[in-house]
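Residues in the sequence shown are numbered from 0 upward in steps of one, following numbering that gives the first Met the number 0. From the three backbone atoms N, C-alpha and C, an ideal C-beta is built for every residue, glycine too. Structure, as structure tokens:
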Amino acid sequence: MDVRHETSEMKYDKFSGQVTRRTRLRVWFVRICFCILIWTLLVQLVTVGGLWHPNLLTRSLNRRNKYNMLSIEENVVQSTPSLPPARNYSSNGYLKVSCNGGLNQMRAAICDMVTVARLLNVTLIVPELDKTSFWADHSNFEDVFDVKHFIDSLRDEVRIVKRLPKKFVKIYGYQPLEMAPVSWSNEKYYLQRILPLFEKHKLIHFKKTDARYAFPRWREKDIVSEERRLQGQCPLTPEEASLVLVALDFDRETQIYIASGEIYGSERRLDQLRVSFPLIVKKETLLDHEDLQQFQNHSSQMAALDFIVSISSSVFIPTYDGNMAKIVEGHRRYLGFRKTLQLNRRKIVELIDLHKNNTLSWDEFSAALKSTHKKKVGEPSHRKVMKSKPKEEDYFYANPHECLCEKPRCINLSHAENVSKNY
Numbered sequence: 000m001d002v003r004h005e006t007s008e009m010k011y012d013k014f015s016g017q018v019t020r021r022t023r024l025r026v027w028f029v030r031i032c033f034c035i036l037i038w039t040l041l042v043q044l045v046t047v048g049g050l051w052h053p054n055l056l057t058r059s060l061n062r063r064n065k066y067n068m069l070s071i072e073e074n075v076v077q078s079t080p081s082l083p084p085a086r087n088y089s090s091n092g093y094l095k096v097s098c099n100g101g102l103n104q105m106r107a108a109i110c111d112m113v114t115v116a117r118l119l120n121v122t123l124i125v126p127e128l129d130k131t132s133f134w135a136d137h138s139n140f141e142d143v144f145d146v147k148h149f150i151d152s153l154r155d156e157v158r159i160v161k162r163l164p165k166k167f168v169k170i171y172g173y174q175p176l177e178m179a180p181v182s183w184s185n186e187k188y189y190l191q192r193i194l195p196l197f198e199k200h201k202l203i204h205f206k207k208t209d210a211r212y213a214f215p216r217w218r219e220k221d222i223v224s225e226e227r228r229l230q231g232q233c234p235l236t237p238e239e240a241s242l243v244l245v246a247l248d249f250d251r252e253t254q255i256y257i258a259s260g261e262i263y264g265s266e267r268r269l270d271q272l273r274v275s276f277p278l279i280v281k282k283e284t285l286l287d288h289e290d291l292q293q294f295q296n297h298s299s300q301m302a303a304l305d306f307i308v309s310i311s312s313s314v315f316i317p318t319y320d321g322n323m324a325k326i327v328e329g330h331r332r333y334l335g336f337r338k339t340l341q342l343n344r345r346k347i348v349e350l351i352d353l354h355k356n357n358t359l360s361w362d363e364f365s366a367a368l369k370s371t372h373k374k375k376v377g378e379p380s381h382r383k384v385m386k387s388k389p390k391e392e393d394y395f396y397a398n399p400h401e402c403l404c405e406k407p408r409c410i411n412l413s414h415a416e417n418v419s420k421n422y
């Protein structure tokens with residue numbers, strides 16, 4: 000009996016151990032299956048959620064993004080200046096222009112030809128720049144000017160195209176009328192002499208005028224430099240410019256940009272100016288070598304760099320009132336009457352000589368110089384117009400007051416008390 004009992008207990012223990020192991024395996028199997036099921040459900044939810052996500056979870060986000068994008072687009076549209084409406088007219092033909100001279104002469108010619116094209120109701124071809132004269136600059140119009148802006152900004156005045164229609168090109172057998180317009184001509188000349196030519200030829204090419212230095216009988220002038228200086232007809236020297244700037248209370252911390260080409264007498268002439276104003280810069284010192292290299296041997300592009308800096312400077316002081324300086328002056332007036340000091344060189348030379356011979360003390364020299372230029376800082380003023388003697392009137396581009404204000408407001412422009420500007 001005892002043996003059987005022990006045997007039965009051993010069988011029971013073995014059977015119980017097998018059941019426990021099977022139960023554990025089933026539990027683990029269920030757990031694994033449950034995990035797989037949960038993982039599968041999650042994958043399904045993510046997949047389905049990805050399909051419905053735009054409509055369910057991010058509807059408000061999309062609305063916000065859409066609103067932001069619309070706001071950005073509105074800002075871009077608002078910041079882009081609207082183009083003026085194109086002027087609608089029946090063109091009488093095409094005007095082709097070849098400009099000659101330096102940048103200033105070519106710029107003036109372009110302005111004149113825009114006016115002529117507007118007067119005659121013709122289509123203007125984007126002008127050609129001089130490439131063969133003294134300046135030997137092979138720059139094209141688009142290398143110096145913004146062609147798109149040139150066309151768009153004038154679309155309400157004149158129609159401008161980049162190139163001629165094919166039927167007017169020489170290779171197709173068309174020969175345009177080539178001529179040089181008569182200088183200092185008024186609208187009567189263009190309406191009575193030139194307009195009938197457009198009706199006949201449809202295309203006129205205004206070629207550059209003949210160079211004066213090629214005229215064999217051009218009489219040379221006898222120039223006495225000291226007399227010219229006393230008359231104020233010579234540019235100020237760096238030494239004279241230094242005295243003027245110091246007398247007008249410009250301090251040593253003033254940065255001076257020299258807008259010019261090669262300086263007469265080389266860099267040593269600037270030594271006296273550097274003593275009082277050490278912060279002297281030029282385009283050759285501001286630009287990296289690689290940047291400068293693309294402008295070198297292109298005098299028109301180099302002059303354009305000087306022009307850009309000159310119209311943007313805090314104060315513009317030309318030591319000589321050449322045509323380029325006058326154009327800068329007029330452009331600065333157009334940009335809001337930016338301070339431009341119009342030097343009275345004749346009076347300056349007189350005061351400098353009096354100071355150097357000890358007739359005037361420094362304080363007296365400074366006070367006299369300030370008094371002379373108190374109302375010569377580019378303030379609004381009328382331009383002297385002489386229709387019978389256009390060569391003797393004030394240069395239009397230096398003070399185009401017709402373009403700067405409305406007519407009722409222009410009446411009192413000559414009164415200096417309306418605008419007070421101090422140094």
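Beta-carbon proximity list for L163, same chain, < 8 Å, skipping 5 on both sides
Numbered from its first residue, the sequence shown carries residue 163 at position 164. Close CB contacts of L163 within its chain, under the 8 Å cut and outside five residues either way in sequence, are with Y93, K95, I124 and L202 (chain order).
Determine the direct distance from the alpha carbon of R332 to that of M385, and round the result to whole angstroms.
Counting from one through the sequence shown, the residue named residue 385 turns up at place 386. Counting from one through the sequence shown, the residue named residue 332 turns up at place 333. So the alpha carbons of these two residues sit roughly 21 Å apart.
In three-state terms, what does DSSP make of E73?
Here residue 73 is taken as the residue at index 74 of the sequence shown, counted from 1. Residue placement at E73 cannot be trusted, given a pLDDT of 45 that sits under 50; what the coordinates show is reported in the next sentence. Helix, per DSSP.
Roughly how many angstroms lie between the CA atoms of D362 and T284, to the nearest whole one?
On the sequence shown, residue 362 is found 363 positions in, with the first residue counted as 1. On the sequence shown, residue 284 is found 285 positions in, with the first residue counted as 1. Approximately 35 Å, taken between the alpha carbons.
Quick check: is any heavy atom of the ligand COA less than 7 Å from the C-beta of S81?
With respect to the ligand COA, the structure shown offers nothing to examine, as it has no ligands at all.
To the nearest angstrom, report how far apart N91 and Q341 are at their CA atoms.
Residue 91 sits at position 92 when you count from the first residue of the sequence shown. Residue 341 sits at position 342 when you count from the first residue of the sequence shown. Approximately 43 Å between the Cα atoms of the pair.
When DSSP labels each residue in this structure, what does E261 get in the three-state scheme?
Taking the first residue of the sequence shown as 1, we reach residue 261 at position 262. Residue state, collapsed to three classes: coil.
Helix, strand or coil for F149 per DSSP?
Sequence index remark: in the sequence shown, residue 149 carries index 150 (1-based). Residue state, collapsed to three classes: helix.
Report the three-state DSSP secondary structure of L202 (helix, strand or coil).
Stepping through the sequence shown from its first residue, residue 202 is reached at position 203. In the structure shown, L202 sits in a strand (DSSP, three-state: E or B).
Using only the alpha-carbon positions, how far apart do R154 and D287 sit?
Locating residue 154 in the sequence shown gives position 155, counting from the first residue. Locating residue 287 in the sequence shown gives position 288, counting from the first residue. Between the alpha carbons of R154 and D287 lies a gap of roughly 37 Å.
Just list the residues that DSSP pairs E127 with in beta bridges.
Reading the sequence shown from its first residue, position 128 is the one you call residue 127. In the DSSP assignment, E127 is bridged to S97.
According to the neighbour-count rule (16 or more other Cβ atoms, all chains shown, within 10 Å of its Cβ), is N185 buried or exposed?
What you label residue 185 is simply residue 186 of the sequence shown in a count that begins at 1. Only exposed fits N185, as fewer than 16 other CB atoms lie within 10 angstroms of its CB.
What residues match up with Y256 in a beta bridge as DSSP calls it?
As a working note, residue 256 is residue 257 in the sequence shown. Residue pairing from DSSP places Y256 in a beta bridge opposite V280.
Under a Cβ-count criterion, where at least 16 other Cβ atoms within 10 Å of its own Cβ denotes burial, should D221 be classed as buried or exposed?
Taking the first residue of the sequence shown as position 1, residue 221 is located at position 222. Flag for D221 reads exposed.
Chain-order list of residues whose beta-carbon lies under 8 Å from that of L118 (same chain, five-residue window excluded):
Stepping through the sequence shown from its first residue, residue 118 is reached at position 119. Cβ within range, chain order: E186, Y189 and L190.
Do you know offhand how far C233's Cα is from P84's?
For the purposes of this step, residue 233 is taken as residue 234 along the sequence shown, with counting starting at 1. For the purposes of this step, residue 84 is taken as residue 85 along the sequence shown, with counting starting at 1. Straight through space, the alpha carbons of P84 and C233 are spaced by roughly 47 Å.
Identify whether F249 lies in helix, strand or coil by the three-state DSSP scheme.
For this step, residue 249 is matched to residue 250 along the sequence shown. Shown here, F249 sits in coil according to DSSP, grouped into three states, outside any helix or strand.
Give me the residue from E156, R228, S275 and T253 with the minimum Cα distance to V314.
Translated into the one-based positions of the sequence shown, residue 314 becomes position 315. For V314, the nearest C-alpha among the options comes from T253.
Determine the DSSP secondary structure at M323, reduced to helix, strand or coil.
Here residue 323 is taken as the residue at index 324 of the sequence shown, counted from 1. Note: M323 maps to helix in three-state DSSP.
Just verifying my parser: in three-state terms, what is the DSSP assignment at I109?
For this step, residue 109 is matched to residue 110 along the sequence shown. Of the three classes helix, strand and coil, the one that applies to I109 here is helix, per DSSP.
Residue range of the beta strand (DSSP E) that includes M178:
The residue given as residue 178 occupies position 179 in the sequence shown. Segment L176 to M178, the beta strand (DSSP E) holding M178.
Three-state secondary structure (DSSP) of V115:
Locating residue 115 in the sequence shown gives position 116, counting from the first residue. Looking at V115 - three-state DSSP - the assignment turns out to be helix.
Under a three-way DSSP split, which group does T122 fall into?
Taking the first residue of the sequence shown as position 1, residue 122 is located at position 123. Three-state DSSP puts T122 in a strand.
Is the beta carbon of H381 closer than 8 Å to that of H354?
Stepping through the sequence shown from its first residue, residue 354 is reached at position 355. Stepping through the sequence shown from its first residue, residue 381 is reached at position 382. Note that the C-beta distance between H354 and H381 is not below 8 Å.
When DSSP labels each residue in this structure, what does T371 get in the three-state scheme?
Start at 1 with the first residue of the sequence shown, and residue 371 comes out as number 372. It is helical.
Just verifying my parser: in three-state terms, what is the DSSP assignment at F294?
Working through the sequence shown from its first residue, we reach residue 294 at position 295. Coil.
Where I222 sits in the DSSP three-state scheme:
In the sequence shown, the residue the question calls residue 222 occupies position 223. Coil.
Where V160 sits in the DSSP three-state scheme:
Stepping through the sequence shown from its first residue, residue 160 is reached at position 161. Strand, per DSSP.
Please report the Cβ distance between H204 and P175, rounded to the nearest whole angstrom; I am assuming they are in contact, meaning their Cβ atoms lie under 8 Å.
Within the sequence shown, the letter at position 205 stands for residue 204. Within the sequence shown, the letter at position 176 stands for residue 175. The Cβ separation is near 5 Å, so the contact holds.
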